[in-house]
Structure formats: C-alpha cells, structure tokens
Amino acid sequence: MPPSSATPLITAVDAIVTNPMQIALGNFVLIRITTDQDGLVGWGDATCSGSELAVATMVEEHLAPALIGQPASQIEYLWHTLYHLPYYRSGSVHLSAISGIDMALWDIKGKQAGLPVCELLGGTVRERLLTYRSVSGRTFEEVLDEVRVLQETGYQVIKVQVAVPELASGYAVPATAEQQAANDEAFSRGIPPAETWEPEPYVRMLPRLFEFLRDELGDSVQLLHDVHERVTPSQALRLANDLAPFRLFFLEDLLRPEHLDTFRLVREQSDIPLAMGEVFCNPWEGQDLLFEHLIDYARHDLAHIGGITAARKIAAICEARGILTAWHGPGNISPLAHMANAHVSLAVPNFGIQEFDAGWDERIDAVFSAVPRYADGHLTVPPGPGLGCDVDFEAALRHPYVRRMRPTIRRADGTPWAY
Ligand code: CO
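The opening residue of the sequence shown carries number 763 in the working numbering; numbering runs sequentially from there.
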C-alpha cells in the first residue's frame, strides 16, 4: 500500500479472543482497528492473563464507541481520551484494553508512513537485541542440562528456576506427576488448580542452586532468577544477600512493589541488580522504584501498562537514572506485544535486555505473520511497516477462547499466598 498523507478515520474496533496454542498457554486478546482508508488496519495486543473476556468487553462496550470516527493518527490524544473515559480508571482490565488499542494505532501510523514503528520512535539505537530464555527442572542437574542446551544455541543470558524438593509445584517449574495430573483435571473441569507453597525451604535452597551452577559453568553464561514475590520481606533481604556472591544478571520480583521500605534496605545492604515491573497496570505504578533508583531493570509489560505510548515515557524516566529496560516477554502474551517490545527496545538508548520466552510452534505461525527473529543470543524484527505483524483473522476465529484458570496458591495451613 503506498504511503498516504490523508488522516485515516477509525471505522471499527474489534477485540478477538483466540487460543491458537490450545490449553498449553492462556488466551490472547487481539485488537483490530479498521480505518476508512482502503486496507489500512492496525493490530495490537490487549492480553491480560486471567481477565481475557473482561478486557474484550472493556474494549468493545466501554471504549470502542469513543473511537469511531476519530483520527487514528492522534495517538496521544486518543490515549488520554480513553484513560479518562471511565470514571473509575486504571487497573489491569482498563489499561490492557488501552494497551492493545495503542499498539494498533502505532501499527496504523507506521503502515501509513511506510515505516517500522522503531523508525517513528527516533530510529534504531542498536542493530540487535540481547535476549534471554528460561529453563527449569525438578533437580539441579536437570537445570544444568537445560542451560547447556540453550548455550549451544547461542544464549548468553539464561533465567534459571528449580523446584523445591518438598513442594509438588512452584513458580515456572515442572510439577510432580501427581500435581500435573491434578492440574490437568482442574483445567478439564474449568476450575483453578490448587497449589501449595512454603517460602522458607525455597529461600534456603536457592543459593545452593547458584553455587552448583557456578561450579559447573564458571562464568560461561550470565544467570538470572525470578522470585515472583513469593517470600516475606525479611526472607527477601536474606535471599538478596545470599545470592549476591553469584553475580546474577538480575534478580526479578524479589518483593511486592508496595514493600518500598524493604526495597530500600536491600539496596543499602546488597549490590545484587534488581528487576521489577511486569505486574504494573499503569504507566505511573511503581514510579517510586524508578525515582529512588531502587531497581536496575524495568520489566513493565507493554500489554498492561498502556502500550508503546506508555513504554517510551517509562523508558525516559529510567534513562535519567541509568535504569535499563527489560520488557516482559513471556509466551502468554501474543506476538504483537513481542513485536512492540522489540520496536521500543531497538529505539530507546537505555536498553538492557529483551525477554523472548515464547516456546511457540507452527500453530502460532498459522495466525500471526511474524514474530521476532532469534539468532546467536539476539533478536531482530523482520523488515516491514508498522509493528510488522499481521493477523489472519479467520485463522484466529478458528481457535476460540478456552477457559484455563490460574492456580490458587496457598500456604500449607491454607492461607492464600501471592501469585
Ligand atoms: Co517475572
């Protein structure tokens, strides 16, 4: 399509909930914005794990009517129109909806200009993006084997997670066969699986994993780890000190973001690099962590914090303090968000690393025209205008919503616990 200078007007906004990977991952919430210019359509990602249908309703019933007839080119104007539209603003559902719309508007602007989004953001600052993936195992040896497999494909930074022997499950680790059978049974009934978590055995074990891996691997690879906020503040402080000798690339989600007092203690007592941000649902949430430089890497999720418009502002706040970006990039957000991640990561000066931990197969390729390209430990985006990823609408519709509830996490005494 030749570039056009006429202002495209929005004629339709659709939210499509699709699950091309079936039960293996959650559902994607895709946003399609159609304009009055022939063939000029934008795509964005509004996926919010655990609230997918609520986001789709938010878009179609509560936000889309304010967009019809509006100029698609006025992204900042429309962002603020949508942000202030509901009386009770912010939160995961509202901001995920805005995120998907925002990405679709940037996609339209790029397609209209005939330029990739990274060019609209000031142009690329680097040719490729350092990336990492996660490995996990029930045992230290299993984790080591997985690290070596990724090293052979060029990864220089790897996230490591390991099961606690006393616990049947954990965050991002393989469950025991019995726990997995119980999870599958819960999924088949459409109810949340039940998992048990105790933080103290985990806090005692984790430094031993890093000691083991450093003994086996030396300094041949950089390692990181995600605590997922599953410990108490005092345990977090101890963990930061115990892990510091092993020189992690970063330690992620050590504390709940509201525990600012403990973040300050960790900073005073430990030099371990900290990362946080994937749970934020607003560009300004967690801003004290940035203003006080209590973290080193910003892990915000572009599908939750308000899209590309919000991410470039967060990156600018971080730039002033030397905080680097490490946008959230798991497999349960769609290729559209991964492309948005990559375009912003290419264009900001203070890029740190880009997670691309998708583990997708040909079922994704049947719906999405492109995903970021991996080679030799780095990512690039395929050439093309906009976000560079289009969606086969009919193919997406062939994989409708599947209910797959997140687990309930409880302490051994039954107390509900985090994430
Ligand atoms: Co995380």
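Every residue gets a Cβ at the ideal spot worked out from N, C-alpha and C, and that includes glycine.
Extent of the continuous beta strand (DSSP E) run through phenylalanine 790
790-797
Is the closest heavy atom of the ligand CO to the C-beta of glutamate 1047 under 7 angstroms?
no
Can you list the residues near the ligand CO, meaning Cβ strictly closer than 7 angstroms to any non-hydrogen atom, in the order they appear in the chain?
Asp988, His990, Glu1014, Asp1015, Glu1040, Arg1061 and His1090
Mind checking whether leucine 1052 and isoleucine 1085 have CB atoms under 8 angstroms apart?
yes
Give, in chain order, every unbroken run of the alpha helix (DSSP H) that is at least 4 residues long and sits entirely within the region 829-886.
837-846, 854-875 and 879-882
Given this structure, state the Cα-to-Cα distance separating histidine 1055 from aspartate 988, to the nearest angstrom.
19 angstroms
Other residues of its chain near isoleucine 1079: CB distance less than 6 angstroms, five sequence neighbours each side excluded:
Leu1052
Residues that DSSP places opposite threonine 958 in a beta bridge
Arg1172
With respect to the alpha helix (DSSP H) encompassing serine 819, which residues constitute its N-terminal and C-terminal limits?
The identity of residue 819 in the sequence shown is threonine, whereas the question assumes serine. Its alpha helix (DSSP H) spans residues 814-819.
Which whole-angstrom value is the C-beta distance of leucine 1005 and leucine 968, which I expect to be below 8 angstroms?
7 angstroms
Same chain only: Cβ atoms within 7 angstroms of arginine 1083, ignoring 5 sequence neighbours per side
Leu1052 and His1055
Using 10 angstroms around the beta-carbon of glutamine 941, count the other beta-carbons present and answer buried if the total reaches 16, otherwise exposed.
buried
Cβ neighbour criterion (16 or more within 10 Å) applied to proline 927
exposed
With a 10 Å radius around its C-beta and 16 neighbouring C-beta atoms as the bar for buried, classify proline 1147 as buried or exposed.
buried
Give the DSSP-derived three-state secondary structure of histidine 987 in the structure shown.
strand
Here's a check: name, in chain order, each residue in its chain whose Cβ is nearer than 6 angstroms to the Cβ of asparagine 789, leaving out the five neighbours to either side.
Val779, Asn781, Glu814 and Tyr1163
Taking C-alpha atoms, which residue in Gly1150, Gly1048, Asn1003 and Gln799 lies nearest to arginine 1029?
Asn1003
What runs of the beta strand (DSSP E), each 3 residues or longer, lie entirely inside the region 1025-1074?
1036-1038
Can you tell me which of the three DSSP states histidine 1140 falls into?
strand
Quick one: what's got a C-beta closer than 6 angstroms to aspartate 1154's C-beta in the same chain, skipping five residues either side?
Val1129
When DSSP labels each residue in this structure, what does phenylalanine 972 get in the three-state scheme?
helix
Is it the case that the Cβ atoms of glycine 1039 and alanine 1060 are separated by a distance below 8 angstroms?
yes
Beta-carbon separation (whole angstroms), isoleucine 1057 vs isoleucine 1067, contact threshold 8 angstroms:
No, isoleucine 1057 and isoleucine 1067 are not in contact; Cβ-Cβ is about 15 angstroms, not under 8 angstroms.
For my contact list, glutamate 978 and leucine 906 are in at a C-beta cut-off of 8 angstroms; report their separation, rounded to the angstrom.
5 angstroms
Extent of the continuous beta strand (DSSP E) to which alanine 774 belongs
772-780
Buried or exposed (CB count within 10 angstroms, at least 16 for buried), aspartate 807
buried
Is leucine 1141 closer than 8 angstroms to threonine 893 when the C-beta atoms are compared?
yes
How long is the line joining the alpha carbons of alanine 1088 and phenylalanine 1012, rounded to whole angstroms?
10 angstroms
Using a Cβ-Cβ cutoff of less than 7 angstroms, which residues in the same chain neighbour arginine 1165 once the five nearest sequence positions on both sides are dropped?
Gly952
Identify, in the order they occur along the chain, each residue of the same chain with its Cβ nearer than 6 angstroms to the Cβ of alanine 716, setting aside the five sequence neighbours on each side.
Nothing can be reported for residue 716, as the shown portion of the chain is limited to 763 through 1181.
Close Cβ partners of leucine 1017 (< 7 angstroms) along its chain, the five nearest in sequence each way excluded:
Glu991, Pro995, Ala998, Thr1024 and Phe1025
If we ignore side chains and look at the alpha-carbon of each, how far apart do glutamate 1014 and arginine 1125 end up?
30 angstroms
Mapping DSSP to helix, strand and coil, what is phenylalanine 1113?
strand
Assign aspartate 1152 to buried or exposed, taking buried as 16 or more other Cβ atoms, counted over all protein chains shown, within 10 Å of its Cβ.
buried
Is the Cβ-Cβ distance between alanine 834 and proline 878 less than 8 angstroms?
no
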